[in-house]
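A short worksheet on the structure shown next.
Protein chains: 2
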Amino acid sequence: MEIKQYIKENESRFLEELFSLIRIPSISALPQHKDDMLACAERWRQLLLEAGADEAMIMPSQGNPLVYAEKRVSPDAPTVLIYAHYDVMPAEPLELWKSQPFEPEVRDGHIWARGADDDKGQAMIQAKAFEYVVKEGLLKHNVKFIFEGEEEIGSPSLNAFLKEHKELLKADVILVSDTSMLGADLPSLTTGLRGLAYWEIEVTGPNRDLHSGHFGGAVANPINTLCSMLAQVIDADGRITIPHFYDDVEEVPAAERDMIAHIPFDEKKYMEAIGVKALKGEKGYSTLERNSCRPSFDVCGIWGGYTGEGSKTVLPSKAYAKVSCRLVPHQNHEVISKLFVDYINSIAPEYVQVKVTPMHGGEGYVCPISLPAYQAAEKGFTKAFGKKPLAVRRGGSIPIISDFEQILGIKTVLMGFGLESDAIHSPNENFSLDIFRKGIEAVVEFHKEFSK
Amino acid sequence: MEIKQYIKENESRFLEELFSLIRIPSISALPQHKDDMLACAERWRQLLLEAGADEAMIMPSQGNPLVYAEKRVSPDAPTVLIYAHYDVMPAEPLELWKSQPFEPEVRDGHIWARGADDDKGQAMIQAKAFEYVVKEGLLKHNVKFIFEGEEEIGSPSLNAFLKEHKELLKADVILVSDTSMLGADLPSLTTGLRGLAYWEIEVTGPNRDLHSGHFGGAVANPINTLCSMLAQVIDADGRITIPHFYDDVEEVPAAERDMIAHIPFDEKKYMEAIGVKALKGEKGYSTLERNSCRPSFDVCGIWGGYTGEGSKTVLPSKAYAKVSCRLVPHQNHEVISKLFVDYINSIAPEYVQVKVTPMHGGEGYVCPISLPAYQAAEKGFTKAFGKKPLAVRRGGSIPIISDFEQILGIKTVLMGFGLESDAIHSPNENFSLDIFRKGIEAVVEFHKEFSK
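Now the structure itself:
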């Protein structure tokens, strides 16, 4: 049976299987969801068995367990290791969702739910393409699956897991569907990723909240101080001011900048889609360079003092921020993490106490387009989307991709099917049914090509 | 009966009465406490009647009702109007309280609870001094009470109430116990107060929370932007940068600066008490000048992005701050409010949308020490505390004090008995029982002196 026909006949089952995963709120950032993590892992184990794996099991780690499954065709055949993650981001702010984040809805040809794309929907593409090639006897190589439950919190346990299970995870290439394309009509494969470093900053002023009338003007306010410190991290040219921050940043080669300049990109539409009147970034670089090949600094969260209704006059004791840098290949996240901690401590005024806690991090990654598996993926996209995909660097981070390379010695091909409009990590995350179908086709084609 | 003896015999009843008020969480900032506001007003009505008022009633306003009570001695006698407020600040952060904020405890000679000082405890001093002078037949002037329920949210309804009830509230002087002294052994009367202006700032970047990997570096982050704007409000010399902000600020006269310099003040102990290693404020002024005679700018609260456990990488859509300025006499809060809104709008970059909402405000105040009622208060303090109180300006704001002057044409004497260590507006608010007793004595003496 042709893959298009197979999808048609089985789509309602595919969606029911996906929805059964989405309904489990496997939010790794929140400890109250521990049971959901187990339930979600177990559901994947069942689904991978049903899809055609010889065996599938839950494997413990220092944190949430991982799901491992495999289909062995021949000891002489090459092996593809498919990585995905079953955890999702928190759904807050809940009031902005048009439908419940953990009760998937199909509207306007899209699935709406937390995890619809990232990464339950994309992982389901891999599972269903696998099911088809197994069922049709098209699979000529071994396939292994490893699905983790801590990607959204920086995969704190994966590193040790990879080291412990190097033999089990042995493969020729890793396949990951967790990135996005330039557009529904602009298929692309990700050949570069940014790294990440993340910190929490705690600023303590007085030892208790003070009356801003009695103390205001004489005692430093930790929120004012935190704001001043954060304001210093980026200068007027949009450059990060941390000393030695750019030391290892490779300047984007002229050829690549030229290629980026030729990517069809409508800055006006980009601004309209996110509702801003102007863009802001590092001087001397285009928007597409800024969000993929250049590092960035963002305050991801800030809080302190009175944040309830109405007005409370207070000079608070504490202020907090969660901040992160996106890094580019060659920037070591541990080096950057230390540079940042040192920098913040160096600009911390004596009238407050400042504590900077590194949270997690990961390196950037580059995939050579000469890799046979990359070329198989390219053919898969070409077949499914009707045009050759562009090779582009993206701004997101999958820190573990460089861990795969360093620990397992395996290159990764990023066959991601997301779109910017999928709103991953945001309210109203969604995934196009049309892309979902094409994704399955593309991965089926990858398997066929990779075996040649 | 002597007042000391009277207090001794009745103290357990006084405390039970005070505790019955404290147990009602009359938090004006939170709408879910509407019923508590009514209950607290009603409790005060009963207590003032029991203390000796001829009549007491609940009077409606545009917001929370007010309690009015009066004792008419003679139409020819002067009248003292006693103002207090029955509302309290929110008790957050709750986890820092050693005992429940709304379940008063007596430990180490102090009452511990929200409102123990501000203003239930201090208002109770007035009520019990009144009870004594009535019972002992010492009262030679008329007394009126007006207790409002919106002081902690800026008394939004009081202005209209004063205009409507000018005749009813007619008096020769207003007496308020809602300020603090320099120390338990350093009695003082407040002769000046700072004004206040308060705003909420909302900064909107993209129309939804974005993935900081896909957009970071290319799209302005509203938290970073808010921090940069707030950091600009105070310069390196601790001066507020809002254009024309200092236009109406009267430089503190040399004689007053000299008096302030002679107030016994241990800066080291001050820093130790609030747990800071250094102080920060406007260049060229001392700590006591900075927190009483000079304006200030504080961020009272800030929030935006992900503030939960763990780390979420997000480029948020919104960031918020609650900010306030303490003002000095002659600075008009409405003028300052407009200057601030204009300033923030003028520095708001084009890549975000900024909305500044004025919340409330009030003028500063100065009380002449030649006022007979001031001198009666001075004698009251001298009798109760064994030394003449210092006349000092304080940094807090009671915006309605200048409204009393402007609308009712009446000067106010601020007989406040608080201490910095009372931690008003903070966790573990408390009030010394010793001061409570001395306060009653001082006010009794005021009544005796004022009649002369």
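Which chain is which? The protein sequence lines are V and A, in order.
Add 791 to the 1-based position in the first sequence for our numbering, that's all there is to it.
Add 791 to the 1-based position in the second sequence for our numbering, that's all there is to it.
All C-beta atoms in this analysis are idealised placements derived from N, C-alpha and C, irrespective of residue type, glycine included.
None of these values were measured; they are calculated from a predicted model.
Closest by CA to residue i, which one among the options?
i	options	result
residue 1137 (chain A)	A:1205, A:1020 and A:1242	A:1020
residue 923 (chain V)	V:937, V:1073, V:1128 and V:800	V:800
residue 989 (chain A)	A:864, A:1113 and A:1130	A:1113
residue 817 (chain A)	A:811, A:828, A:823 and A:810	A:828
residue 802 (chain V)	V:819, V:918 and V:1053	V:918
residue 921 (chain A)	A:936, A:1059 and A:891	A:936
residue 1162 (chain A)	A:909, A:884 and A:1201	A:1201
residue 871 (chain V)	V:1133, V:962, V:1157 and V:1109	V:962
residue 1008 (chain A)	V:1089, V:1159 and V:1022	V:1089
residue 1135 (chain V)	V:1206, V:1066 and V:993	V:993
residue 964 (chain V)	V:1223, V:1209, V:1062 and V:1196	V:1196
residue 1243 (chain V)	V:1069, V:1173, V:930 and V:877	V:930
residue 885 (chain A)	V:1000, V:1205 and V:1055	V:1000
Mind checking residue i: buried by the 16 CB within 10 Å criterion, or exposed?
i	result
residue 911 (chain V)	buried
residue 792 (chain A)	exposed
residue 1077 (chain A)	buried
residue 958 (chain V)	exposed
residue 982 (chain V)	buried
residue 1178 (chain A)	exposed
residue 978 (chain V)	buried
residue 1141 (chain V)	exposed
residue 1034 (chain V)	exposed
residue 1032 (chain A)	exposed
residue 1101 (chain A)	buried
residue 1107 (chain A)	buried
residue 786 (chain V)	Residue 786 (chain V) falls outside the range modelled here, since chain V spans only 792 to 1243, and no answer is possible.
residue 1122 (chain V)	buried
residue 1229 (chain V)	buried
residue 1231 (chain A)	buried
residue 1055 (chain A)	exposed
How about residue i and residue j: do their beta carbons lie closer than 7 Å?
i	j	result
residue 1220 (chain A)	residue 898 (chain A)	no
residue 947 (chain V)	residue 941 (chain V)	yes
residue 986 (chain A)	residue 1154 (chain A)	yes
residue 1262 (chain V)	residue 1116 (chain V)	Within the shown structure, residues of chain V are numbered from 792 to 1243, placing residue 1262 (chain V) beyond reach of any answer.
residue 1151 (chain V)	residue 945 (chain V)	yes
residue 814 (chain A)	residue 893 (chain A)	yes
residue 950 (chain V)	residue 1225 (chain V)	no
residue 1094 (chain V)	residue 1094 (chain A)	yes
residue 1011 (chain A)	residue 1071 (chain V)	yes
residue 1234 (chain A)	residue 916 (chain A)	yes
residue 838 (chain V)	residue 860 (chain V)	no
residue 1180 (chain V)	residue 980 (chain V)	yes
residue 775 (chain V)	residue 1187 (chain A)	Given a span of 792 to 1243 for chain V in the structure shown, any question on residue 775 (chain V) remains unanswerable.
residue 856 (chain A)	residue 820 (chain A)	no
residue 1198 (chain A)	residue 953 (chain A)	yes
residue 1120 (chain V)	residue 1157 (chain V)	yes
residue 998 (chain V)	residue 1215 (chain A)	no
Counting only Cβ pairs nearer than 8 Å, list the residues of chain A close to residue i.
i	result
residue 821 (chain V)	1099, 1100 and 1101
residue 1006 (chain V)	1065, 1082 and 1186
residue 1012 (chain V)	1089 and 1090
residue 923 (chain V)	Ordered by position in chain A, no residue passes the 8 Å Cβ test against residue 923 (chain V), which lies about 30 Å from the chain.
If I follow the unbroken alpha helix (DSSP H) through residue i, where does it start and stop?
i	result
residue 1196 (chain A)	Taken as a continuous stretch (DSSP letters only), residue 1196 (chain A) belongs to no alpha helix (DSSP H), as it is neither H nor E.
residue 1162 (chain V)	It is not in any alpha helix (DSSP H) - residue 1162 (chain V) carries neither H nor E in the DSSP assignment.
residue 1222 (chain A)	Looking at the DSSP string, residue 1222 (chain A) is not in any alpha helix (DSSP H); the run it does join, the beta strand (DSSP E), is 1221-1223.
What span of residues does the beta strand (DSSP E) with residue i cover, start to end?
i	result
residue 887 (chain V)	Looking at the DSSP string, residue 887 (chain V) is not in any beta strand (DSSP E), and its letter there is neither H nor E.
residue 991 (chain A)	986-995
residue 935 (chain V)	933-939
residue 840 (chain A)	No beta strand (DSSP E) contains residue 840 (chain A), which is instead part of the alpha helix (DSSP H) from 825-842.
Just to make sure I have the definition right: I need the residues of chain V whose C-beta is within less than 8 Å of the C-beta of residue i. Which are they?
i	result
residue 1050 (chain A)	Residues of chain V passing the Cβ test: none, with the nearest at roughly 18 Å.
residue 1113 (chain A)	1096, 1097, 1098, 1102 and 1103
residue 1086 (chain A)	1008
residue 1210 (chain A)	Residues of chain V passing the Cβ test: none, with the nearest at roughly 10 Å.
Using a C-beta to C-beta distance shorter than 7 Å, which residues of chain V count as neighbours of residue i?
i	result
residue 880 (chain A)	1103
So residue i contacts chain A; which residues on that side make the cut at Cβ distance below 7 Å?
i	result
residue 1009 (chain V)	1070, 1072, 1078, 1081 and 1082
Under 9 Å between beta-carbons, which chain A residues line up against residue i? List them in chain order, please.
i	result
residue 948 (chain V)	Simply none; closest approach about 14 Å.
For residue i, go through chain V and note every residue whose CB falls closer than 9 Å to its CB, in chain order.
i	result
residue 1025 (chain A)	1015 and 1019
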